[in-house]
Amino acid sequence: MRVMLVHPSALMYSEIFLRLEPLGLERVAAAARDAGHEVRVVDLQVLSRELLDRELVSFAPEAVGISLNYLANIPEAIEIAHHAKAASPGCFVFLGGHSVSFIAEHVLEQAGGAVDAVVRGEGEPAVEPLLAAVRDGGLKDVPGVVSTEGRGPAPKLLDSLDSPRPARDLMRRRNRYFIGELDPCASIEFTRGCPWDCSFCSAWTFYGRSYRKASPEGAAEEMASIREPNVFIVDDVAFIRPEHGHGIAAELERRRVRKQYYLETRSDVLLRNEEVFARWTRLGLRYMFLGMEALDAEGLDLYRKRVSPDDNFKALETARRLGIMVAINLIVDPAWDAERFRLVREFALSVPEIVHLTVMTPYPGTEIWHTEARQLTTRDYRLFDIQHAVVPTTLPLEEFYRELVRTQAVLNRKHLGLRNAIGAMSVLGRNLARGQTNFARMLWKFGSVYNVRRQLADHHRPVRYELPLPEHRATPPGRQDLFIHTRAASHARPQADPEPDGV
Ligand code: B12
Ligand code: SF4
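Taking the UniProt record's numbering, the leading residue of the sequence shown gets 1, the next gets one more, and so forth.
Laid out in structure tokens, this is it:
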């Protein structure tokens, strides 16, 4: 069967800093190809809409799958689905990915016949039986699939992360993937899932709090096959298990693989496993994203982060000592007043790290969705990108955005201050010499993306598709009710103790 897989365009507010390869879609592409299908991938983060429209006609796909990790992309995906049906009559259109898994039935209905099925959970084990059912019938028996025939059996977890390898060879314009000065940059996955349970996050609910690891040999072999000199490790929390981090490092050392790396982890993991991170700096680890989320114990408790402010600050010292450049994330509470923003600016200017701000946003699949969703001020999918306020702000909205943009601008100026600008210029020179322009574009884009008028105007666009509200319940749902993958339904056994204290 001719299968076309599509990733929607990048969200403007994240495109400033990064644009990365859609690893999940590449793995689904590999699984479909392994099942004997002819597969083409169109990533609208780096390819034009005109190209997609042309290829929908010239390739005439019999099935079109669209990736929906991000809620904000849902209206665009529905629009692409309508277009695919018109351009390639009779083609079967399906959606899959993180966000759509939590609201599958709703999106299916909203698409008004343009979408035939939604895959909940991991795509690799679902795609072969799904495409077979498209040909032979029996959609309602495919695990993880929701269609007009109803909801199929519970989704299955992949047996092993070692295969299928992402179909990187199917991607075009790979030189457009970058993160900051790591330009160009590929991505890789060492582990899947997270054993913690932060209240604002759906990474743990998607995988039913399971945690799986690729084999060190498999991970190193895949790394060695990557052409790019820079790699983003997509794991939610890197190197939770020190022996796993050491195992991959040993395999990379043996193969003499050297690249520059960017990863995300937690303060307590960095403190506990400092030696692993130190070993990885010798292999090329340069940047680290630490989800600090709040500066005070009260905020950390509220998000159930299970770390103390003290650990967070100790982790920063450790990273500095190791020579790793850290980007810290802080969650902006819509209840913040001007004084609170001022304090954050003061903090951000007092540390050498990059400080990144995201606005607290209840997402389907998170615990806060069930406690906060009833006070949503908007249900426009496009505003659920953690850069807009979707629940009431204490400050009038315009002032809230003024403070937010002012804080973002202070942070941006700090990173592009004279000393950093000189550093940036040398990186820029090196990248331009290699024909890589992503980092250069990033440096000049900030003002056009982050501005109060634009953010406010985003709230006044006509809304065609809206998020559903959580169903009303007398008592809040239990944790298992939030899970997409439940362990009983999985044929792969999670490999780690799911209790954070035990990892
Ligand atoms: C790596 C990552 C990124 C990367 C790469 C994104 C990319 N281009 O793919 C970067 C850093 C760029 C990024 C950015 C953002 N991210 Co992000 N990201 C992740 C992270 C940590 C892992 C995703 C990943 O690659 N996993 C590994 C691959 C193999 O799995 P996967 O992508 O989920 O794919 C599997 C399934 O979803 C499914 N699937 C996926 N696509 C398809 C398609 C079809 C047809 C089918 C059948 C199945 C299918 O099958 C795949 C294989 O099993 C997730 C958290 C998580 N654990 O999921 C957050 C996450 C997806 N991100 C999130 C957010 C909020 C963002 C940002 C909006 C943050 C911001 N404002 O800066 C931006 C927006 C990016 C954009 N669209 O422009 C949220 C999503 C929230 C939501 N409900 O919308 C998540 C869940 C994090 C969280 N803790 O809440 N992100
Ligand atoms: S530790 Fe990170 S990935 Fe895990 S639940 Fe918390 S925020 Fe999500």
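For every residue, glycine included, the Cβ atom is placed at its ideal position computed from N, Cα and C.
As the structure is a computational prediction, the values presented were derived from the model and not from experiment.
Between which two residues does the alpha helix (DSSP H) holding residue i run?
| i | result |
| --- | --- |
| R345 | 338-350 |
| R282 | 274-283 |
| Q260 | That residue, Q260, is in no alpha helix (DSSP H); its beta strand (DSSP E) goes 260-265. |
| T371 | 367-372 |
| L322 | 309-322 |
| G478 | Looking at the DSSP string, G478 is not in any alpha helix (DSSP H), and its letter there is neither H nor E. |
| E21 | That residue, E21, is in no alpha helix (DSSP H); it is neither H nor E in DSSP. |
| M12 | 12-15 |
| L302 | 297-302 |
| residue 505 | For the chain, the structure presents residues 1 to 503; residue 505 sits outside this window and is missing. |
| H472 | Taken as a continuous stretch (DSSP letters only), H472 belongs to no alpha helix (DSSP H), as it is neither H nor E. |
| S58 | 49-58 |
| I80 | 74-87 |
Going by beta carbon distance, what residues of the same chain come within less than 6 Å of residue i, once the five residues before and after it are set aside?
| i | result |
| --- | --- |
| S202 | Y363, G365, T366 |
| I484 | S101, R120, G121, F206 |
| V127 | V28, A31, A32 |
| P476 | H370 |
For residue i and residue j, what's the separation of their Cα atoms in angstroms?
| i | j | result |
| --- | --- | --- |
| E398 | Q375 | 19 Å |
| R419 | L252 | The pLDDT assigned to R419 is 47, lower than 50, so where the model puts this residue is not dependable, and the model offers no usable value. |
| A220 | D183 | 21 Å |
| P61 | V115 | 14 Å |
| R402 | A389 | 12 Å |
| D268 | Q480 | 26 Å |
| E15 | R176 | 11 Å |
| L11 | L456 | 16 Å |
| R19 | R382 | 18 Å |
| Y211 | A30 | 22 Å |
| R254 | P334 | 49 Å |
| Q110 | S99 | 15 Å |
| L482 | E264 | 24 Å |
| E79 | V307 | 42 Å |
| D501 | V351 | Bear in mind that the predicted position of D501 carries a pLDDT of just 46, short of 50, making it unreliable; the figure below should be weighed with that in mind. Spanning the two alpha carbons is a distance of roughly 30 Å. |
| R453 | Q387 | 14 Å |
| A224 | E181 | 21 Å |
| P396 | E293 | 23 Å |
Excluding the five sequence neighbours on either side, which residues of its own chain have a C-beta within less than 8 Å of the C-beta of residue i, listed in chain order?
| i | result |
| --- | --- |
| H244 | F190, T191, K213, P216 |
| A133 | L139, D141, V142, V145 |
| R464 | P75 |
| E26 | V41, P166, A167, R168, L170, M171 |
| A250 | P216 |
Would you say residue i lies against chain B (beta-carbon separation less than 8 Å)?
| i | result |
| --- | --- |
| R321 | Absent here is chain B; the protein component of the structure consists of one chain. |
I think residue i touches residue j, with their Cβ atoms under 8 Å apart; what is that distance to the nearest whole Å?
| i | j | result |
| --- | --- | --- |
| A117 | S88 | With a Cβ gap of about 16 Å, A117 and S88 do not count as contacting. |
| V276 | P242 | 5 Å |
| S199 | F232 | That belief does not hold up - the Cβ atoms of S199 and F232 are roughly 26 Å apart, past 8 Å. |
| V41 | L170 | 5 Å |
| V6 | L51 | 11 Å between Cβ atoms; not a contact. |
| V326 | L290 | 6 Å |
| H459 | T378 | 6 Å |
| P8 | N73 | 4 Å |
| D385 | Y13 | 6 Å |
| G208 | T486 | 5 Å |
Less than 7 Å between the CB of residue i and some heavy atom of ligand 4, yes or no?
| i | result |
| --- | --- |
| G299 | With respect to ligand 4, the structure shown offers nothing to examine, as its ligands consist of ligand 1 and ligand 2. |
Excluding sequence positions up to five away, which residues of its chain have a Cβ less than 7 Å from the Cβ of residue i?
| i | result |
| --- | --- |
| H82 | A114 |
| H37 | M1, V3, L131 |
| N451 | V405 |
| V355 | I328, L330, A348, L411 |
| R173 | V46, L47 |
| A373 | P362, L469, P470 |
| L23 | P166, S187, E189, V234 |
| E274 | T318 |
| L271 | D311, K314, A315, T318 |
| E222 | R165, I188 |
| T407 | F341, V344, R345, L357 |
| G323 | T281 |
| L158 | E122, E124, P125, A492 |
Residue range of the beta strand (DSSP E) that residue i falls in?
| i | result |
| --- | --- |
| H485 | Per DSSP, H485 belongs to no beta strand (DSSP E) and is neither H nor E. |
| H7 | 2-7 |
| E38 | 38-43 |
| V326 | 325-332 |
| G96 | 92-96 |
| A117 | 117-119 |
| V234 | Premise fails: V234 is in no beta strand (DSSP E) and is neither H nor E. |
| V355 | 354-359 |
field: the stretch 293-313 / the stretch 244-261 touching (three or more Cβ pairs under 8 Å)
entry: no
message: Closer than 8 Å is the cut-off here; do at least three beta carbon pairs connect the stretch 158-169 with the stretch 322-339?
response: no
task: Could you tell me whether the stretch 63-81 touches the stretch 91-108, using the rule of 3 or more Cβ pairs below 8 Å?
output: yes
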